[in-house]
Each structure stands twice: as C-alpha cells, then as structure tokens.
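The listed protein sequences correspond, in order, to chains V and Y. The first sequence begins at 1 in the working numbering and counts up one residue at a time. The second sequence begins at 1 in the working numbering and counts up one residue at a time. Using N, Cα and C, we set each Cβ at its ideal position, and we do this for glycine too. I have placed the structure first, in the form of structure tokens, so that the comments after it can refer back to it.
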Amino acid sequence: GAVVSQHPSWVICKSGTSVKIECRSLDFQATTMFWYRQFPKQSLMLMATSNEGSKATYEQGVEKDKFLINHASLTLSTLTVTSAHPEDSSFYICSAGVAVDMDTQYFGPGTRLTVL
Amino acid sequence: QKEVEQNSGPLSVPEGAIASLNCTYSDRGSQSFFWYRQYSGKSPELIMSIYSNGDKEDGRFTAQLNKASQYVSLLIRDSQPSDSATYLCAVRREYGNKLVFGAGTILRVKS
Numbered sequence: 001g002a003v004v005s006q007h008p009s010w011v012i013c014k015s016g017t018s019v020k021i022e023c024r025s026l027d028f029q030a031t032t033m034f035w036y037r038q039f040p041k042q043s044l045m046l047m048a049t050s051n052e053g054s055k056a057t058y059e060q061g062v063e064k065d066k067f068l069i070n071h072a073s074l075t076l077s078t079l080t081v082t083s084a085h086p087e088d089s090s091f092y093i094c095s096a097g098v099a100v101d102m103d104t105q106y107f108g109p110g111t112r113l114t115v116l
Numbered sequence: 001q002k003e004v005e006q007n008s009g010p011l012s013v014p015e016g017a018i019a020s021l022n023c024t025y026s027d028r029g030s031q032s033f034f035w036y037r038q039y040s041g042k043s044p045e046l047i048m049s050i051y052s053n054g055d056k057e058d059g060r061f062t063a064q065l066n067k068a069s070q071y072v073s074l075l076i077r078d079s080q081p082s083d084s085a086t087y088l089c090a091v092r093r094e095y096g097n098k099l100v101f102g103a104g105t106i107l108r109v110k111s
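So this is what it looks like as structure tokens:
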C-alpha cells in the first residue's frame, strides 16, 4: 500500500526558533498534501492544503506567514513553523492524496513538536 | 453546531460485545464518509469508508449511513482489547477534497 513518511518523528526546540517538518510519499506521486494539527484530546484540524507547484491554501485562522508550506515536488511537502512558541506545541500530521481518488488520503505517522 | 459531531465517550464494552459508535454531520450535501481509528500518539488509520445509504460490512466492522438523518455509525462485533482506541468520524464535503473530522469517541474494551 501507499506509504507516507514524516521526518522528524519528534522535535524539541526553544521558543523563537523555526522548525521544518518533511512529509514524503514513498511509493506514489501525491498531487495533493494536507497538513493537520492535533492538540491533546482534540481532533485533527486541517491547517492547509497544498498542490504540487502551487501555493498552499490555508484554513481560516491559520497564519500563513507562521506556517510556511512548500510542495516542491510530487513526493515532498514541507511545513516550517517559524518563530515557534509553546502554544505551537502539537502533533502535526500530513496526509497525501492523488487527484483521481481524493476520497483516499494516506496519513503520515505524525511529528510531535514541543516548544520550550 | 459542529460540522461533525461525536460523543466523546469513553464508551466501555466487555470483550466479545458489540461496540456501537455514532456520528452526525451538518452538511447535507456531503457524499463520502469515513471511520478512522487512532491509537494514542499515532496517526489515524482508515477502517471503513461508506458512500451510499445502508450498511457496509468488512470483517468485524459494519458502517451504516443514513443521509436523510445525516447519521453515520460504526459497529464493531466481537470487540477485542486491541480495539481500544479513539474512533474518528470524517466527512468529505460536497465540493472539494477536504476531510472534516469529528472530535472522536474513545472506546475501551475490557477483558
């Protein structure tokens, strides 16, 4: 089956630093990638949708200048949390889909971000 | 009103029993419905998808959809302790490819 990886699986950083999270589709080409955030005991909240080669579409309330998304190729999307603060500590999950079957999203294993 | 609503639980059932999980949604035009299982600290994994009214069975799992009532359910037969997890209901809106998730129901299967 389709595999999506994320790197790193966990990261601890100091407040004010930037953190980059990579999401890769290992055995298929993903036309669309989704980035979710999940706080403890809460559900997944979609942050943004990115299509290869175009700008990401951010959900209402998500700061696009703080959460930079790049989808440079059909197998790689990156999320950069700029000037991270403790309130950005969360579980970040990406998923990938292909245009012909957008009902199927393949989820990555997630990245646990802790900002001190 | 939340777009996708679930009872947060926890729902406790004894091993071997049937667990019944429910979900309602507000967008009447929604076409695709999904149940995901999420273990603590892990990302969601897809259990079932359903698109038409009625029942869809896959092993011990049965998804039920009633579009008129805007209601989706998941039945887990012969529940096992390994089924203990949070179950997320997700809906794809009529237009676009985004999934909207409910808050999830915690299921605990006691041996």
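The alpha-carbon separation between Y:Glu-15 and Y:Thr-86 amounts to approximately 17 Å.
Contiguous beta strand (DSSP E) elements confined to the segment 34-91 of chain Y occur at 45-50, 54-58, 61-66, 71-76, taking only those with 3 or more residues. Closest option to V:Gly-61, judged by alpha-carbon separation, among V:Arg-37, V:Gly-1, V:Lys-41, V:Asp-101: V:Arg-37. Taking C-beta separations shorter than 6 Å and ignoring five residues to either side along the sequence, the partners of Y:Arg-108 in its chain run Pro-10, Ser-12, Ser-84, following chain order. Distance from the Cα of Y:Thr-105 is smallest, within the candidate group Y:Asp-55, Y:Ser-8, Y:Val-4, for Y:Ser-8.
For V:Arg-37, the enclosing beta strand (DSSP E) covers residues 32-38. Among the residues of chain Y, those whose CB is under 9 Å from the CB of V:Gln-42 are Ala-103, Gly-104, following chain order.
Sorting Y:Leu-88, Y:Lys-98, Y:Cys-23 by C-alpha distance to the C-alpha of Y:Ser-40 places Y:Leu-88 at the top. Taking the Cα positions, V:Ser-77 is about 15 Å away from V:Lys-64. Note that the C-beta distance between Y:Ser-79 and Y:Asn-22 is not below 9 Å. Put simply, the CB of V:Gln-105 is near chain Y, with a gap under 9 Å to one of its CB atoms.
For Y:Tyr-25, the closest alpha carbon among the candidates Y:Tyr-36, Y:Gln-38, Y:Lys-2 is that of Y:Lys-2. By the neighbour-count criterion, in which 16 or more other beta carbons inside 10 Å mark a residue as buried, Y:Arg-92 falls on the buried side.
Partner residues in a beta bridge of Y:Arg-93, as assigned by DSSP, do not exist. Within chain Y, Ser-43 have C-beta atoms less than 9 Å from the C-beta of V:Gly-108, given in sequence order. Distance between V:Pro-86 and V:Thr-114, taken at the CA atoms: about 7 Å.
Here V:Asp-101 carries a strand assignment [DSSP, helix/strand/coil]. If you look at Y:Pro-14, you'll find it in the beta strand (DSSP E) that goes 11-14.
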